[in-house]
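*Asks:* Everything in the first sequence is counted per my numbering, starting at 1 for the first residue and increasing by one.
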Amino acid sequence: MPELPEVETIRRGLAPVLAGARLVRAEARRPDLRFPLPPDFRQRLTGARIEGLERRAKYLLAPLDRGETLVVHLGMTGRFEVAGANAARRPGSFALAQAPDPRHAHVVFETDAGATVTFYDPRRFGYMDLIASDALGDHPWFQPLGPEPLGADFDAAHLKAAFAGRRAPVKALLLDQRVVAGLGNIYVCEALFRARIHPERAAGGLGARKLSALAESIGAVLREAIEAGGSTLRDYATAEGTLGYFQHSFRVYGRDGEPCVRPGCAGVVARLVQSGRSTFVCGQCQT
DNA sequence: CCCACGACCTGTGGGC
DNA sequence: TGCCCACAGGTCGTGG
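In structure tokens form, the structure reads like this:
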């Protein structure tokens with residue numbers, strides 16, 4: 001589920017439940033997700049106060065009052081379910097279309113306000129760790145990350161520098177979290193479509209106008225997606241109609257075989273494979 | 001260093 | 001209906 005807009009949506013939904021709360025229980029129901037959970041996971045969390053809920057790239061960060069930060073990556077299928085303590089009444093809360101499979105409830109948190117927050121992840125590509133807060137920036141997960149695409153230091157000039165001399169397809173570089181942090185397959189396809197750039201173009205060969213359009217398109221699509229509460233594929237449903245409807249605004253992603261939506265364009269969206277992943281493109285207007 | 005590919009793991013949807 | 005294959009929002013390690 002999670003690229004930047006989805007993680008940001010989850011952050012906003014969980015923040016009212018977790019920020020400022022004290023954990024009265026933390027339970028790991030298996031020893032590992034993608035990686036082993038850290039030693040003494042339960043003890044290091046139980047009794048800790050969560051000071052806030054932040055996001056960096058696709059990571060959720062929960063700084064604790066003990067000098068450590070709980071770091072969560074949702075992988076492909078990680079999700080949180082909130083129950084209890086008026087969870088359903090809180091702004092930004094959400095519900096699942098179907099009850100999640102309890103076999104995949106791997107980590108459970110309970111707050112002093114009586115909320116239960118359960119982490120589900122069928123494929124277990126997600127991961128969690130506890131990292132010293134003052135060393136987060138040096139940690140191997142964070143040190144290599146490029147700028148936040150919605151931050152002040154991301155713009156066409158940054159792309160120009162990051163792409164200089166690179167022969168790789170522009171799509172591959174936009175998926176590289178060292179170039180810009182937070183994009184994934186959907187929003188890269190969408191941003192390239194908006195900027196009218198073919199995903200197979202060599203990144204280093206893009207001119208200034210294309211780079212400006214690309215930087216602008218990335219910002220626009222992410223802002224719109226966050227505004228819509230992210231994208232909801234497969235088994236998620238909106239609660240109170242407030243979350244996760246950006247999938248209805250996809251212009252190319254998943255539209256192979258359909259006519260291009262750009263006014264005046266007679267092209268048809270194609271699906272191709274780059275680095276083993278699906279790319280959706282209109283070969284007519286994306287050049 | 002740069003790049004592509006397979007691996008990780010489970011579920012689901014489409015085609016036959 | 002049932003089976004099998006292809007594919008899925010991400011990253012990491014390997015090998016050319």
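Idealized CB from N, CA, C, for every residue including glycine. Computed from a prediction, not measured in an experiment: that's the story for all the values here.
With distances taken Cα to Cα, identify the nearest neighbour of residue 118 among 84, 129, 134.
*Replies:* Among 84, 129, 134, the Cα nearest to that of residue 118 belongs to 84.
*Asks:* For the 8 Å Cβ check, are there 3 or more pairs between the segment 149 to 158 and the segment 110 to 125?
*Replies:* Too few Cβ pairs lie closer than 8 Å, so no.
*Asks:* To the nearest angstrom, how far is it from the Cα of residue 4 to the Cα of residue 182?
*Replies:* Near 5 Å, if we compare the C-alpha coordinates of residue 182 and residue 4.
*Asks:* Under the three-state reduction of DSSP, which class applies to residue 89: helix, strand or coil?
*Replies:* Note that residue 89 scores a pLDDT of 45, beneath 50, so its modelled location is shaky and nothing firm can be said.
*Asks:* Roughly how many angstroms separate the alpha carbons of residue 79 and residue 189, rounded to a whole number?
*Replies:* When rounded, the distance between both Cα atoms is 23 Å.
*Asks:* Please report the distance separating the alpha-carbon of residue 130 from that of residue 71.
*Replies:* Going from the Cα of residue 130 to the Cα of residue 71 covers about 6 Å.
*Asks:* Starting from the Cα of residue 214, find the closest Cα among 30, 283, 282, 156 and give me that residue.
*Replies:* Checking every option, the nearest Cα to that of residue 214 belongs to 156.
*Asks:* Should residue 49 and residue 8 be called a contact, given that it needs their Cβ atoms to be closer than 8 Å?
*Replies:* The answer is no: Cβ separation not under 8 Å.
*Asks:* Within a Cβ cutoff of 7 Å, which residues of the same chain sit near residue 270, ignoring the five residues on either side of it in sequence?
*Replies:* Contacts found: 256, 281, 283.
*Asks:* Between residue 126 and residue 33, is the Cβ-Cβ spacing less than 8 Å?
*Replies:* Yes, the Cβ-Cβ distance between residue 126 and residue 33 is below 8 Å.
*Asks:* Who are the Cβ neighbours of residue 81 in its own chain at under 7 Å, not counting the five residues just before and after it?
*Replies:* Here the set comprises 96, 100, 118, 120.
*Asks:* Which residues mark the beginning and the end of the beta strand (DSSP E) in which residue 217 is found?
*Replies:* Looking at the DSSP string, residue 217 is not in any beta strand (DSSP E); the run it does join, the alpha helix (DSSP H), is 208 to 227.
*Asks:* Please name the residue, chosen from 77, 21, 41, that lies closest to residue 114 on a Cα-to-Cα basis.
*Replies:* Per the Cα distances, 21.
*Asks:* Using the rule of at least 16 other Cβ atoms within 10 Å of the residue's Cβ for burial, across every protein chain shown, is residue 199 buried or exposed?
*Replies:* Buried.
*Asks:* What do you get for residue 308, buried or exposed, if any count of 16 or more other CB atoms within 10 angstroms of its CB means buried?
*Replies:* Limits of the chain in this structure are 1 at one end and 287 at the other, which puts residue 308 out of reach.
*Asks:* Per DSSP, which one or two residues make a beta bridge with residue 51?
*Replies:* None; residue 51 has no bridge partner.
*Asks:* Within the continuous beta strand (DSSP E) that includes residue 108, where are the two ends?
*Replies:* Note, residue 108: beta strand (DSSP E), 105 to 111.
*Asks:* Going along the chain, which residues of its own chain have a beta-carbon closer than 7 Å to the beta-carbon of residue 142, five neighbours each way excluded?
*Replies:* Excluding sequence neighbours, residue 142 sits near 56, 136.
*Asks:* Using a Cβ-Cβ cutoff of less than 7 Å, which residues in the same chain neighbour residue 31 once the five nearest sequence positions on both sides are dropped?
*Replies:* Excluding sequence neighbours, residue 31 sits near 37.
*Asks:* To the nearest angstrom, how far is the alpha carbon of residue 170 from that of residue 260?
*Replies:* Those two C-alpha atoms are separated by around 21 Å.
*Asks:* Would you check if the distance between the CB atom of residue 204 and the CB atom of residue 166 is smaller than 8 Å?
*Replies:* Yes.
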